[in-house]
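Residue numbers (my numbering): 103 to 404.
Virtual Cβ for every residue (Gly too), placed ideally from N, Cα, C.
This one's a predicted model, so the numbers in the text were calculated from it and none came from an experiment.
One structure below.
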């Protein structure tokens, strides 16, 4: 009789072990996550505050929840706009299931961003999205396809990022600057997007904080420099007509229309790849020609 009760108790306990393990992990992650995010928030906040200090007159801090910080800044006189918001979003470390899914499938990171609205709607649109972020490109495909591709002088940057604008001449100085190209190359893993649009926020830059520690000082400086540039561009071009290109609302489409859209997207991406391949071959041809000319000139001098 006693043996039967013990056996029954043992089988019940064996069935409960997975549940107890899950509950234990959940509680452990909750306690650890609360501590980790509280520590990270203050660490990141100090770094961001140090980084934005040269650009601002004053600031106010808001904590929407235990893993977010918004820093509303009053910018100094160097900018053509009065205010901006820097924000930090940390991973939900208090949730074991969410952390498990993030770690296994999405590889999400803590993120940092800068957003601002100009006094006037931007007349110059600008988009930078890494090609690896295919979901972001698909999401805004209908919008992105309406504005021009902008090549930079750096071939590696062209292969890593989709860069677009409706007025290439207005942003020519930026995309050819050593600062811009160097930061895109150095932080190719961190950059999620740079966006200037007519809908709010007019300006937005977002980064994943992959480094340990995250180089927030450089990322903030990069963001502020780009914001200052577009503040001046927006002020200089405010008399131009507002672009009619707007982010389209997602509409319900039939399966047939979805298939048609997918085919059009595939066709567009193939054509883009052909153009990139052609440009790459042309660059290789020019490099070989330069090398040949240099070799010929060297032989003549000897």
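Give a yes or no on whether 8 Å exceeds the smallest Cβ distance from residue i to chain D.
i: residue 398; result: As a matter of chain content, chain D is missing from the structure shown, which is built from one protein chain.
Suppose the cutoff is 8 Å on Cβ atoms and the five residues either side in sequence are ignored; what does the same chain contact list for residue i look like?
i: residue 343; result: 225
i: residue 252; result: 265, 266, 267, 270, 273, 277
i: residue 176; result: 158, 159, 160, 161, 184, 185
i: residue 211; result: 193, 310, 311, 312
i: residue 235; result: 294, 295
i: residue 238; result: 231, 294, 295
i: residue 398; result: none
i: residue 402; result: none
CB-CB under 7 Å to residue i, same chain, minus the five flanking residues each way: which ones, in chain order?
i: residue 153; result: 318, 319, 322, 323
i: residue 171; result: 143, 147, 163, 165, 189, 190
i: residue 352; result: Residue placement at residue 352 is flagged as unreliable, the pLDDT there being 41, under the threshold of 50; a coordinate-derived value is accordingly withheld.
i: residue 302; result: 219
i: residue 149; result: 318, 319
On a Cα-Cα basis, can you pick out the residue from the options that is closest to residue i?
i: residue 305; options: 281, 290, 333; result: 333
i: residue 51; options: 165, 375, 297; result: One cannot answer for residue 51 here, as it falls past the ends of the chain, which runs 103 to 404.
i: residue 190; options: 146, 161, 383; result: 146
i: residue 179; options: 212, 160, 275, 241; result: 160
i: residue 217; options: 240, 173, 235, 260; result: 173
i: residue 385; options: 223, 338, 260, 155; result: 260
i: residue 300; options: 285, 246, 222; result: 222
i: residue 256; options: 402, 392, 399, 382; result: 382
i: residue 169; options: 396, 141, 387; result: 141
i: residue 345; options: 401, 245, 376, 149; result: 245
Measure how close the beta-carbons of residue i and residue j come, nearest whole angstrom, since I'm counting them as under 8 Å.
i: residue 186; j: residue 283; result: At roughly 24 Å, the Cβ-Cβ gap does not stay under 8 Å, so residue 186 and residue 283 are not in contact.
i: residue 231; j: residue 254; result: Going by Cβ atoms, the distance from residue 231 to residue 254 rounds to 14 Å, so no, they are not a contact pair.
Would the beta-carbon of residue i fall within 8 Å of that of residue j?
i: residue 157; j: residue 326; result: yes
i: residue 336; j: residue 243; result: no
i: residue 214; j: residue 298; result: no
i: residue 263; j: residue 289; result: no
i: residue 287; j: residue 258; result: yes
Using C-beta distances below 6 Å, list every residue in its chain close to residue i, excluding the 5 sequence neighbours before and after it, in chain order.
i: residue 292; result: 309, 310, 312
i: residue 296; result: 230, 307
i: residue 181; result: 330, 333
i: residue 340; result: 222
i: residue 285; result: 324
Which residue spans inside the stretch 281-328 form an unbroken beta strand (DSSP E) run of at least 3? 293-298, 305-310
Can you list, in chain order, the stretches of the alpha helix (DSSP H) that have 4 or more residues and sit fully within the stretch 237-267? 243-246, 257-262
Entirely enclosed beta strand (DSSP E) segments - the stretch 151-192, minimum 3 residues: 158-167, 170-177, 185-191
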